[in-house]
Ligand code: ADP
Ligand code: MG
């Protein structure tokens, strides 16, 4: 392994890394940092929790001159992730004099305008709110030197692509650009050619979406039995737990039940006020809450080292989501566990995901002696899972899940405003709402 000073990182940053206990560079950092420092575009893929944030942040910090305008920009899909990245960059840049602003929906414009007025060199943003600032002229991108799309496959997916295009059009031609994610599907790599110039690709474990260091298991049960099993599993855990649900309603219900059972649980879903989202996340990060119940708004990028167990209370709607969800545990080389609850009606969906899991996955029905009693009509539906004549590809979103239509996802970081505009329409059908997160 390489020390950070061998990568050409400057003294001020090394000092901060030392204080954070970063002794040696992780593989993705070792690969990407020198290339980004030479201002070449990069595509970086490495499994969840492998240190991608530092891989792009360190070179960005190194090449920035304080008080010369916004030179670095990181775009992320969710508010919580933007805040986390911002926090990391601030820690790495503690001795550089470089200032970072976090730009995201749900927070008052005033706070962000004040931060920008003081002068910042890096913005970490969700696309919707950044565009608001660009339109009112409170952020300019003409001095940008390095653009990062974190969770790049999501950022270039149909829900965000128009926003990304709008933003990139305002940045200088000669910018350095890098894309990072644990999942880099070939269609995204192809699409990236439009945005990157001769990128150096580091696909460290692209063929191996195994969930390294994660002990994976599943349990097929009746939907109504899930809560009892949840309690049983949670009681046996010493560290923190994240419970992922398929809808906001489920998230709220599960959190409510956990409170009734006297667990220290917090919830995060897209309909909550930003203030409550931040409070919940802060409680979980600080360890004051043991359990986070969340929609997929927390499935990407969130790094809370003490998370020991991820429970998929509901089967996720595609394999990518599965790998990102379980990747909230086993961070930075630690070990973790993931258990997926499969209701009888989700067996077909689960089988599609299970096929993508290359490592051993435990069958808890066998291990715990729990019989599966799938009613006949359901059994008949299971083998022929076809979507519009095609088998569902791992990257498409079937509309039967109320997938994310273009309109749904466009402002996924600014749902509050959407709700005002569209009234309460999205609330009636848990699967067909405007936003599932
Ligand atoms: P990813 O984006 O690849 O999922 P993160 O950037 O969130 O991963 O990093 C995961 C964890 O690893 C974080 O808690 C981070 O502080 C830690 N980490 C990153 N790089 C190092 C390093 N070189 N040494 C020690 N810990 C590190
Ligand atoms: Mg990350």
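Numbering (our numbering), first residue to last: 1041 to 1477. Backbone N, C-alpha and C fix where the C-beta goes; we use that ideal spot for every residue, glycine too.
For residue 1101, would you say it is in contact with chain D, using Cβ-to-Cβ distances shorter than 8 Å as the test?
Within the model displayed, chain D is absent; a lone protein chain is all it includes.
So residue 1387 is in the alpha helix (DSSP H); what residue range does that whole segment cover?
1387–1394
Assigned secondary structure, residue 1103 (DSSP; H/G/I helix, E/B strand, else coil)
coil
Classify residue 1457 as helix, strand or coil using the three-state DSSP reduction.
Low confidence applies to residue 1457: its pLDDT is 39, below 50, so where it sits in the model is not reliable, and the reading given next is rough at best. Looking at residue 1457 - three-state DSSP - the assignment turns out to be helix.
DSSP-derived helix/strand/coil call for residue 1402
strand
Residue 1347 lies in the beta strand (DSSP E); which residues open and close that run?
1347–1352
Cβ-Cβ distance between residue 1238 and residue 1185 below 8 Å:
no
Pairing CB atoms from the stretch 1155–1175 with CB atoms from the stretch 1129–1147, are three or more of them under 8 Å?
yes
Could you compute how far the alpha carbon of residue 1195 sits from the alpha carbon of residue 1075?
22 Å
Residue from 1201, 1193, 1100, 1227 with nearest C-alpha to residue 1164:
1100
I'd like the ranges of any alpha helix (DSSP H) spanning at least 4 consecutive residues and lying wholly in the stretch 1162–1245.
1167–1176, 1192–1195, 1198–1208, 1226–1232
If contacts are defined as beta-carbon pairs under 8 Å, then residue 1381 and residue 1336 qualify, I think. What distance do you get, rounded to the angstrom?
About 16 Å; that fails the 8 Å criterion.
How far does the alpha helix (DSSP H) with residue 1267 in it reach, from first residue to last?
1266–1275
I'd like to check one pair, residue 1397 with residue 1349: are the Cβ atoms closer than 8 Å?
no
Does the beta carbon of residue 1190 fall short of 7 Å from some heavy atom of the ligand MG?
yes
Just to confirm my understanding: we take residue 1371, look at its own chain, exclude 5 residues before and 5 after, and list those with CB closer than 8 Å. What are they?
1088, 1089, 1343, 1344, 1345, 1347
Distance between beta carbons of residue 1166 and residue 1119, contact taken as under 8 Å
6 Å
Starting from residue 1041, trace the beta strand (DSSP E) both ways and give me its first and last residue.
It is not in any beta strand (DSSP E) - residue 1041 carries neither H nor E in the DSSP assignment.
Where do the N-terminal and C-terminal ends of the alpha helix (DSSP H) with residue 1127 fall, by residue?
1119–1132
Please indicate yes or no: does the CB of residue 1376 lie closer than 7 Å to some heavy atom of the ligand MG?
no
Please list, in chain order, all residues of the same chain as residue 1302 whose beta carbon is under 7 Å from its beta carbon, the five residues on each side excluded.
none
Below 8 Å between beta carbons: does that hold for residue 1131 and residue 1060?
yes
Need the endpoints of the alpha helix (DSSP H) that residue 1312 sits in, please.
Here residue 1312 belongs to no alpha helix (DSSP H), and DSSP marks it neither H nor E.
Under 8 Å Cβ to Cβ from residue 1063, same chain only, skipping five residues before and after it: list those, please.
1043
Please classify residue 1037: does DSSP put it in a helix, a strand, or coil?
Because the chain in this structure spans residues 1041 to 1477, residue 1037 falls outside the shown range and cannot be described.
Residue 1219 to residue 1298 span [Cα, whole Å]
38 Å
Where residue 1086 sits in the DSSP three-state scheme:
coil
With burial defined as no fewer than 16 other Cβ atoms inside 10 Å of the residue's Cβ, what is the status of residue 1070: buried or exposed?
buried
Taking the beta strand (DSSP E) that residue 1377 falls in, what are its first and last residues?
1376–1383
Among 1078, 1140, 1274, which has the Cα closest to the Cα of residue 1305?
1274
beta-carbon residue 1302 near the ligand ADP non-hydrogen atom, thresh 7 Å:
no
Taking its Cβ as the centre, do 16 or more other Cβ atoms sit within 10 Å of residue 1179, making it buried, or is it exposed?
buried
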